[in-house]
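Numbering (the numbering used here), first residue to last: 471 to 561. Here the structure is laid out as structure tokens; the discussion comes afterwards.
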Amino acid sequence: MEINLLSNETEQALVGGILTKIGAYLERYEGLENPLGIISQREATERLEITYPTIRRWEARGLKRYTPPIADTKTVYYKITDLLAFLGVDE
Numbered sequence: 471m472e473i474n475l476l477s478n479e480t481e482q483a484l485v486g487g488i489l490t491k492i493g494a495y496l497e498r499y500e501g502l503e504n505p506l507g508i509i510s511q512r513e514a515t516e517r518l519e520i521t522y523p524t525i526r527r528w529e530a531r532g533l534k535r536y537t538p539p540i541a542d543t544k545t546v547y548y549k550i551t552d553l554l555a556f557l558g559v560d561e
């Protein structure tokens, strides 16, 4: 004997809501897929919605920055895995 705690309509609405949330989550994090595994400082600050001084404080607290070995290069990169680890996100 099967016991249904929810009506079919409620169950379908709940499943639909969950699928919508999962879809939104996947869309938000889809852009993090990067074959090189790096992200520019500008892109990191935009995606994380933080300011330049904030990311500089993170560097002072241990976040490693990467720069190309070219003189006068101002572009800074971070490994995505380093950012996630710094933020305490388990992969």
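Just so you know, even glycine gets a beta-carbon here, dropped at the ideal spot from N, CA and C.
Worksheet item: From what residue to what residue does the alpha helix (DSSP H) around I473 run?
Response: Careful: I473 lies outside any alpha helix (DSSP H) and carries neither H nor E.
Worksheet item: Straight-line CA distance for L533 to L506?
Response: Taking the straight line joining both Cα atoms gives about 18 Å.
Discussion item. Which residue marks the beginning of the beta strand (DSSP E) containing I550, and which one marks its end?
Written reply: I550 -> not in any beta strand (DSSP E); alpha helix (DSSP H) instead, spanning 550-556.
Discussion item. Taking its Cβ as the centre, do 16 or more other Cβ atoms sit within 10 Å of D552, making it buried, or is it exposed?
Written reply: Classification of D552: buried, given that the 10 Å Cβ count is 16 or more.
Item to complete: In angstroms with no decimal places, state the Cα-to-Cα distance between Q511 and I492.
Response: If I take the Cα positions, the gap works out to 28 Å.
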